[in-house]
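Here's the structure we're looking at; comments come further down.
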Amino acid sequence: MYRCSKSRWNQGNLKMDTVTGSFGYIGKYLTAALLEKGREVRTITTHPDKPNPFGAAVRAFPYSFDDPLRLTETLSGTDTLYNTYWIRFPYGGQTYETALENTRVLFQCAKKAGVKRIVHIGVTQASIDSSLPYYRGKALQEIMLSEAGIPFSVVRPTLVFGREDILVNNIAWLIRTFPVFPIFGSGSYRVQPVFVGDLAAIAVQSSKGLSGVTIDAPGPESFTFEQMVRLIARKLERKTKFIKVPPALGILGGKIISLFVGDVMLTENELAGLMAGLLTSTEAPKASVRFPDWLEENINFVGTRYTSEIARHFRWSAS
Ligand SMILES: NC(=O)c1ccc[n+]([C@@H]2O[C@H](COP(=O)([O-])OP(=O)(O)OC[C@H]3O[C@@H](n4cnc5c(N)ncnc54)[C@H](OP(=O)(O)O)[C@@H]3O)[C@@H](O)[C@H]2O)c1
Numbered sequence: 031m032y033r034c035s036k037s038r039w040n041q042g043n044l045k046m047d048t049v050t051g052s053f054g055y056i057g058k059y060l061t062a063a064l065l066e067k068g069r070e071v072r073t074i075t076t077h078p079d080k081p082n083p084f085g086a087a088v089r090a091f092p093y094s095f096d097d098p099l100r101l102t103e104t105l106s107g108t109d110t111l112y113n114t115y116w117i118r119f120p121y122g123g124q125t126y127e128t129a130l131e132n133t134r135v136l137f138q139c140a141k142k143a144g145v146k147r148i149v150h151i152g153v154t155q156a157s158i159d160s161s162l163p164y165y166r167g168k169a170l171q172e173i174m175l176s177e178a179g180i181p182f183s184v185v186r187p188t189l190v191f192g193r194e195d196i197l198v199n200n201i202a203w204l205i206r207t208f209p210v211f212p213i214f215g216s217g218s219y220r221v222q223p224v225f226v227g228d229l230a231a232i233a234v235q236s237s238k239g240l241s242g243v244t245i246d247a248p249g250p251e252s253f254t255f256e257q258m259v260r261l262i263a264r265k266l267e268r269k270t271k272f273i274k275v276p277p278a279l280g281i282l283g284g285k286i287i288s289l290f291v292g293d294v295m296l297t298e299n300e301l302a303g304l305m306a307g308l309l310t311s312t313e314a315p316k317a318s319v320r321f322p323d324w325l326e327e328n329i330n331f332v333g334t335r336y337t338s339e340i341a342r343h344f345r346w347s348a349s
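Just add 30 to the spot in the sequence shown (first one is 1) and you have my numbering.
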């Protein structure tokens with residue numbers, strides 16, 4: 031168990047929020063929404079030297095999970111901590127277990143630093159009973175948060191779409207690149223995509239509400255997986271042939287393409303979650319941007335290049 035010391039650095043500045051991953055995906059939109067509201071933002075990131083889209087407005091600090099005193103110092107003076115930290119799949123020495131331990135350190139240091147509130151980005155249908163380690167790990171993160179002794183809220187998005195998103199971009203890239211696209215299984219399982227800007231607004235709003243509240247952030251409409259990929263192909267004006275394939279064959283195809291693009295395109299776990307309809311919600315949508323409208327507006331951008339998780343987190347300077 032780590033011990034964190036309380037720091038006095040930057041205390042008294044309660045206009046400041048800390049966002050994990052401001053140079054990443056959802057964290058970038060959270061940061062933009064907070065700056066828009068006149069908040070000061072600092073970020074904690076795996077790569078403080080990554081290109082900073084916010085310039086001098088956002089200072090970057092390393093996670094330093096192995097140096098809790100430093101992490102506490104970094105968090106000191108934070109009003110609300112917006113936490114996006116998690117890993118998509120085990121890679122490069124990072125496992126769900128290490129990510130959970132890091133999460134524990136982050137929350138402990140936040141407590142020591144006197145952070146007033148944590149807004150945590152979860153995922154719909156996270157459950158400790160899940161057989162899928164991503165969803166189980168996300169549920170364990172939420173339990174850690176509830177035991178951290180800091181007021182909190184949890185916002186659980188479905189599939190998050192935006193220009194930096196991996197899944198939608200790579201589906202579009204596949205459709206642009208190949209004449210055939212695989213529909214895993216029946217294709218009738220549902221997704222309910224939410225726009226990343228809407229998610230950021232919901233998360234920022236949740237920093238003001240009651241503590242201990244967990245809300246879903248689903249998009250305004252749901253689609254079957256087949257409807258979604260056919261919609262993308264239609265907007266791209268591609269005459270793609272869709273073929274139903276057993277999930278195992280889809281994963282094999284994904285592995286072969288992964289070899290060429292140097293990435294892990296889709297894991298068995300992710301496909302299982304998708305096919306179980308976990309990226310949907312029964313809660314009323316709070317988001318307004320419609321996926322088809324966003325697609326229309328971004329059609330000249332979406333899928334124009336492969337979006338690599340591995341490049342983003344492990345070879346980012348090469349991407
Ligand atoms: N994207 C979605 O569609 C989606 C859907 C539902 C829920 N969520 C949840 O939303 C949160 C944010 O997701 P995101 O897509 O915005 O993630 P992201 O930007 O790729 O990563 C979020 C943070 O975690 C760090 N991180 C990610 N992978 C890592 C790894 N392998 N090793 C070390 N650090 C790593 C990132 O480091 P850097 O600062 O260096 O980038 C960043 O600080 C996650 O908790 C995720 O479970 C996402």
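All C-beta atoms, glycine included, are put in the ideal place defined by N, C-alpha and C. All of these numbers come straight from a predicted model, not from anything done at the bench.
Sort the options by Cα distance to residue i and report the nearest one.
i: S106; options: F137, L279, V198, A233; result: F137
i: M258; options: L304, M295, H343; result: L304
i: L325; options: L289, G192, G122; result: G192
i: F208; options: N82, F272, P276, V319; result: F272
i: F91; options: L170, T110, V71; result: V71
i: Q235; options: S183, T254, I262, S218; result: S183
i: S241; options: L175, F331, V226; result: L175
i: N328; options: T270, E194, I173; result: E194
i: K269; options: Y165, D293, A63, L204; result: L204
i: T154; options: E313, R342, R335, N330; result: E313
i: A87; options: M46, F344, T310; result: M46
i: V135; options: G122, R147, Y121, Y115; result: Y115
i: L111; options: R100, N132, H150, L130; result: H150
i: A62; options: A233, G280, Y165, R342; result: A233
i: R264; options: Y93, A169, R206; result: R206
i: V319; options: V210, A140, S252; result: S252
At the level of alpha carbons, what is the spacing between residue i and residue j?
i: R38; j: V190; result: For R38, the predicted model reports a pLDDT of 38, less than 50, meaning its position is unreliable and no value from the coordinates is stated.
i: V198; j: G333; result: 8 Å
i: L296; j: I286; result: 11 Å
i: P212; j: R260; result: 11 Å
i: E103; j: A143; result: 7 Å
i: I340; j: G167; result: 20 Å
i: G307; j: P277; result: 14 Å
i: S52; j: P163; result: 25 Å
i: F321; j: P98; result: 41 Å
i: N82; j: T50; result: 13 Å
i: A231; j: L60; result: 7 Å
i: A317; j: P250; result: 6 Å
i: G217; j: V224; result: 19 Å
i: G68; j: G283; result: 47 Å
i: Q41; j: R89; result: Bear in mind that the predicted position of Q41 carries a pLDDT of just 44, short of 50, making it unreliable; the figure below should be weighed with that in mind. Distance between the alpha carbons of Q41 and R89 is about 16 Å.
i: T244; j: V185; result: 6 Å
i: I262; j: G54; result: 24 Å
i: F95; j: Y126; result: 15 Å
i: L65; j: D228; result: 15 Å
i: T188; j: I158; result: 18 Å
i: I56; j: V275; result: 32 Å
i: F366; j: E256; result: With the chain covering only 31 through 349, there is no way to say anything about residue 366.
Could you check whether the Cβ of residue i sits closer than 8 Å to any Cβ belonging to chain C?
i: A341; result: The structure shown has no chain C; it contains just one protein chain.
Handout entry: Residues passing the C-beta test against ligand 1 heavy atoms, cut-off 5 Å
Key = Working through the chain, the matches are T50, G51, G54, Y55, I56, T75, T76, H77, T114, Y115, W116, I117, Q124, I151, V153, P187, V190, H343.
Exercise for the section: Give, in chain order, every unbroken run of the beta strand (DSSP E) that is at least 3 residues long and sits entirely within the segment 129-155. Expected result: You should have 147-151.
Practice task
Go through the segment 250-307 residue by residue and report every complete run of the beta strand (DSSP E) that reaches 3 residues or more, in order.
Solution key: Listed in chain order, the complete beta strand (DSSP E) runs (minimum 3 residues) inside the segment 250-307 are 271-275.
Problem - Whole alpha helix (DSSP H) elements within the segment 167-230, 4-residue minimum - result: Secondary structure remark: continuous alpha helix (DSSP H) runs of at least 4 residues inside the segment 167-230, in chain order: 197-207.
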